[in-house]
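Novice:
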Amino acid sequence: VHLSKATFTISAPDIRRLPEDTGIEVAFAGRSNAGKSSALNTLTNQKSLARTSKTPGRTQLINVFEVSDTQRLVDLPGYGFAKVPLEMKKKWQKALGEYLEKRDSLKGLVVLMDIRHPLKDLDRNLIEWAAESNLPVLALLTKSDKLSQGKASAEVLKVKKNLAPLNADIKVQAFSSLKRTGAEQANKIICDWLST
Ligand code: GDP
6 VHLSKATFTI SAPDIRRLPE DTGIEVAFAG RSNAGKSSAL NTLTNQKSLA
56 RTSKTPGRTQ LINVFEVSDT QRLVDLPGYG FAKVPLEMKK KWQKALGEYL
106 EKRDSLKGLV VLMDIRHPLK DLDRNLIEWA AESNLPVLAL LTKSDKLSQG
156 KASAEVLKVK KNLAPLNADI KVQAFSSLKR TGAEQANKII CDWLST
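Using full-length UniProt numbering, the letters of the sequence shown correspond one by one to residues 6 to 201.
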């Protein structure tokens, strides 16, 4: 599997309009501004596959990228943006829950969190949800270039310890799109999922 083969397939306004639930899918989720688009671009080695934006919360579409006929990356809308109406937030959370529970092709979830403030309530909810659904999780602690290496490693350990009681398949990796830190490790985990 080569993630660099990813091409944009479709933007879906909701989970019901995703491509047919066959093959293998890996989803990317995170708070708005966590660095999800940048990470997708870094991991696929493409400058503008996922659109990065200075106005967080703008993209409410699910973007699907095909790696092959049977392998997809799914970019879920960023959550936690203050200006999104509560009603919409609730709707989205429900839809996201359904997706995690019911999507058969979903084989792994990448959760992106800023390394300087990881595991906010919604992040934790999402990870707990995935754990309950037996879905493997890769927690990418983004923008690790903003911390010294020592502090970044300490943060990884802290997050690992925090999630250990869930007793689930959760990997934690420091990541920087700017420096490509952790890109190889993340790439390997995602490609392994796509090959299951
Ligand atoms: P998204 O909303 O989760 O898709 O986040 P983006 O990828 O659009 O990034 C949000 C902001 O964080 C942008 O200003 C990016 O330039 C910045 N950013 C993303 N990744 C990194 C990184 O690895 N290092 C640093 N220093 N900034 C980053």
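The C-beta atom is built at its ideal place from N, Cα and C for all residues, glycine as well.
(1) How would you call Gln118, buried or exposed, if buried means at least 16 neighbouring beta carbons within 10 angstroms?
(2) Could you tell me the distance, in whole angstroms, from the CA atom of Leu140 to the CA atom of Gly102?
(3) Check whether the Cβ of Asn130 sits closer than 7 angstroms to any heavy atom of the ligand GDP, and report yes or no.
(4) Which residues in the same chain have their Cβ closer than 8 angstroms to the Cβ of Ile198, if we skip the five residues on either side of it in sequence?
(5) Looking at Ala39 and the ligand GDP, is the gap between the Cβ and the nearest heavy atom below 7 angstroms?
(6) How is the alpha helix (DSSP H) around Gln98 delimited, first residue to last?
(7) Closest by CA to Tyr104, which one among Glu189, Asp80 and Leu91?
(8) Can you check whether the CB of Arg77 is closer than 8 angstroms to the CB of Val69?
(9) Hey, Ala44 and Ser182: beta-carbon distance below 8 angstroms or not?
(10) Straight-line CA distance for Trp134 to Pro82?
(11) Sort Val116, Ala159 and His122 by Cα distance to Phe33 and report the nearest one.
(12) Leaving aside the five residues before and after Lys99 along the sequence, list all residues of the same chain whose C-beta is less than 8 angstroms from its C-beta, in chain order.
(13) Would you check whether the ligand GDP has a heavy atom nearer than 7 angstroms to the C-beta of Leu183?
(14) Which of the three DSSP states, helix, strand or coil, is assigned to Thr12?
(15) Please report the distance separating the alpha-carbon of Lys59 from that of Asn38.
(16) Just the Cα atoms here: how many angstroms apart are Lys125 and Thr75?
(17) Going along the chain, which residues of its own chain have a beta-carbon closer than 6 angstroms to the beta-carbon of Thr47, five neighbours each way excluded?
(18) Does at least one heavy atom of the ligand GDP sit under 7 angstroms from the Cβ of Leu117?
Specialist: According to the data block:
(1) As a working mapping, residue 118 is identified with position 113 in the sequence shown. Looking at the sequence shown, residue 118 is not Gln but Met. Met118 comes out buried.
(2) What you label residue 140 is simply residue 135 of the sequence shown in a count that begins at 1. What you label residue 102 is simply residue 97 of the sequence shown in a count that begins at 1. The alpha-carbon separation between Leu140 and Gly102 amounts to approximately 12 angstroms.
(3) Here the question's residue 130 lines up with position 125 in the sequence shown. Outside the cutoff, so no.
(4) By one-based count along the sequence shown, residue 198 stands at place 193. The question names Ile, but residue 198 is Trp in the sequence shown. Closer than 8 angstroms at Cβ, skipping near neighbours: Ile29, Val31, Lys112, Gly113 and Pro141.
(5) By 1-based counting over the sequence shown, the position of residue 39 is 34. Yes, the beta carbon of Ala39 sits closer than 7 angstroms to at least one heavy atom of the ligand GDP.
(6) Your numbering for residue 98 matches position 93 in the sequence shown. Note, Gln98: alpha helix (DSSP H), Leu91 to Lys107.
(7) Numbered from 1 along the sequence shown, position 99 holds the residue referred to as residue 104. The candidate whose alpha carbon is nearest that of Tyr104 is Asp80.
(8) Indexing the sequence shown from 1 puts residue 69 at position 64. Indexing the sequence shown from 1 puts residue 77 at position 72. Yes; because the gap between Cβ atoms is below 8 angstroms, this pair is in contact.
(9) One-based indexing of the sequence shown puts residue 44 at position 39. One-based indexing of the sequence shown puts residue 182 at position 177. The answer is yes: Cβ separation under 8 angstroms.
(10) By one-based count along the sequence shown, residue 134 stands at place 129. By one-based count along the sequence shown, residue 82 stands at place 77. Taking the straight line from one Cα to the other gives about 17 angstroms.
(11) Here residue 33 is taken as the residue at index 28 of the sequence shown, counted from 1. The shortest C-alpha separation from Phe33 is found at Val116.
(12) Locating residue 99 in the sequence shown gives position 94, counting from the first residue. Same-chain partners within the cutoff: there are none.
(13) Taking the first residue of the sequence shown as 1, we reach residue 183 at position 178. Flag set: Cβ of Leu183 near the ligand GDP.
(14) The count along the sequence shown starts at 1 and reaches residue 12 at position 7. It is a strand residue.
(15) Stepping through the sequence shown from its first residue, residue 59 is reached at position 54. Stepping through the sequence shown from its first residue, residue 38 is reached at position 33. Any answer about Lys59 is weak, because its pLDDT of 48 lies below 50 and its placement is not dependable; what the coordinates show is given next. In a straight line, the C-alpha of Lys59 is about 8 angstroms away from that of Asn38.
(16) Against the sequence shown, residue 125 aligns to sequence position 120. Against the sequence shown, residue 75 aligns to sequence position 70. So the two alpha carbons sit approximately 33 angstroms from each other.
(17) Position 42 of the sequence shown, counting from 1, holds the residue named residue 47. Around Thr47: Ser182 and Ala188.
(18) If you number the sequence shown from 1, residue 117 lands on position 112. Within the cutoff, so yes.
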